[in-house]
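Worksheet: the structure to be examined is printed underneath.
In mature numbering (1 follows the signal peptide of the UniProt record, and there is no 0), the protein residues as written are -20 to -1, 1 to 345.
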């Protein structure tokens, strides 16, 4: 009888330590990545503050899956196959500061209303690269983001999330008043309007990344007020989003006469997506530059946009040239061929007193 009891106790101890043996433990950090876990391990030390569970085969976060680990500050669940979050999946994680769910199969329109309720102290949330490219007939379908679920995260500062073909961010996003850094990764946007981001207007976003929107459907015109809810932005990245350079320059309307750290318009035009209204080969005019010229910007990137010429009082005339530290206009197709352009460039160069880099390299024939 004593032997049976001893064997039972030994088995229980071994089973409880199994996960700890599989994972790498270092002080308060448990590295359980690439271990083949299909569910959240429950046998790790309760005192850990950082848990790495990326690149496993987890498909669901069940009820109170992390309640044992109530001291967690950082939780990484990237690149699993998670498609389901129980409504109390994160119960107990009241101190969590960083949560990464990048590269799973989550539907941003179907989060349970209270799923993020315990995460009132979270600062960083990564939900990007969950939406797969939709079939063509679904590109125009409006995504109603689960705004009630997001409304609990009142201290959120950094959010990375996918952007649907047509998106509606509900009133719950008005509560993200501390949001500072917003990235729309895996951008599938086909169209954007002034209403698209309206419920971010209470936020304090200073860094906005809206890059790689390669499915955007260019039209003859664009609503220049699309980015009004982000009027506090100082770093704007639209690189590789096919708005066309003409339209991208119009989107600077909310930033007139403001100071900015960076404007990245690298390859916002593409030869294969040109149209009579928005040709790839473009001549910069004074009207196109009406908003950009008023901005005090440190780094300006307008490379690879098919610029073939610049009219007088356009590309080389700015109200605040002393603000420039870096200008990158490489991989375009224009030459300084007339006297007026030379004069404008010479005048500009004499006033860019803080300039460190001016890249005009690679001019295609």
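Ideal placement from N, C-alpha and C gives every residue a C-beta, glycine not left out.
It should be emphasised that the depicted structure is a prediction, and the values quoted were computed from it without experimental measurement.
Assuming residue i and residue j form a contact by the criterion Cβ under 8 Å, report the distance between their Cβ atoms to the nearest whole angstrom.
i	j	result
residue 234	residue 260	Their Cβ separation, rounded to whole angstroms, is 26 Å, which puts residue 234 and residue 260 out of contact at 8 Å.
residue 173	residue 206	7 Å
residue 110	residue 90	Actually they are not in contact, since the Cβ atoms of residue 110 and residue 90 sit about 11 Å apart, beyond 8 Å.
residue 165	residue 140	5 Å
residue 40	residue 71	Not quite, the Cβ-Cβ distance comes to about 15 Å (not below 8 Å), so this is no contact.
residue 134	residue 162	The pair is not a contact, with the Cβ atoms about 16 Å apart (cut-off 8 Å).
residue 57	residue 81	5 Å
residue 289	residue 263	4 Å
residue 2	residue 19	About 13 Å; that fails the 8 Å criterion.
Which residues in the same chain have their Cβ closer than 7 Å to the Cβ of residue i, if we skip the five residues on either side of it in sequence?
i	result
residue 272	229, 232
residue 45	20, 69
Take the Cβ of residue i as the centre, count every other Cβ of all protein chains shown within 10 Å, and call the residue buried at 16 or more, exposed below.
i	result
residue 7	exposed
residue 318	exposed
residue 337	exposed
residue 192	buried
residue 30	buried
residue 301	buried
residue 83	buried
residue 155	buried
residue 321	buried
residue 244	buried
Report whether the distance from the Cβ of residue i to the nearest heavy atom of the ligand MN is below 8 Å.
i	result
residue 159	Among the ligands in the structure shown, none appear at all, so the ligand MN cannot be discussed.
Would you identify the three-state DSSP class for residue i, choosing helix, strand or coil?
i	result
residue 321	helix
residue 162	strand
residue 151	helix
residue 49	helix
residue 122	strand
residue 193	coil
residue 9	strand
residue 295	coil
residue 314	coil
residue 16	coil
residue 302	helix
residue 2	helix
residue 180	helix
Residues in its own chain within less than 8 Å of residue i by CB, not counting five upstream and five downstream?
i	result
residue 93	67, 126, 128, 129
residue 100	74, 132, 133, 134, 135
residue 15	2, 3, 36
Given residue i, which residues of its chain have a CB within under 6 Å of its CB, disregarding the five upstream and five downstream residues?
i	result
residue 311	283, 284, 342
residue 78	54, 104
residue 220	191, 192, 247
residue 237	274
residue 138	104, 161
residue 378	Residue 378 lies beyond the residue range present for the chain, which begins at -20 and ends at 345; the question has no answer from this structure.
residue 150	127
residue 249	224, 225, 260, 285, 286
Ignoring anything shorter than 3 residues or poking outside the segment 227 to 291, list the beta strand (DSSP E) runs there in chain order.
239 to 244, 262 to 264, 276 to 281, 287 to 290
Could you give the uninterrupted runs of the beta strand (DSSP E) lying entirely in the segment 196 to 232, keeping only those of 3 residues or more?
215 to 217
Starting from the N-terminal side, write out each stretch of the beta strand (DSSP E) that is 3 residues or longer and does not extend beyond the segment 61 to 139.
78 to 80, 104 to 107, 122 to 124
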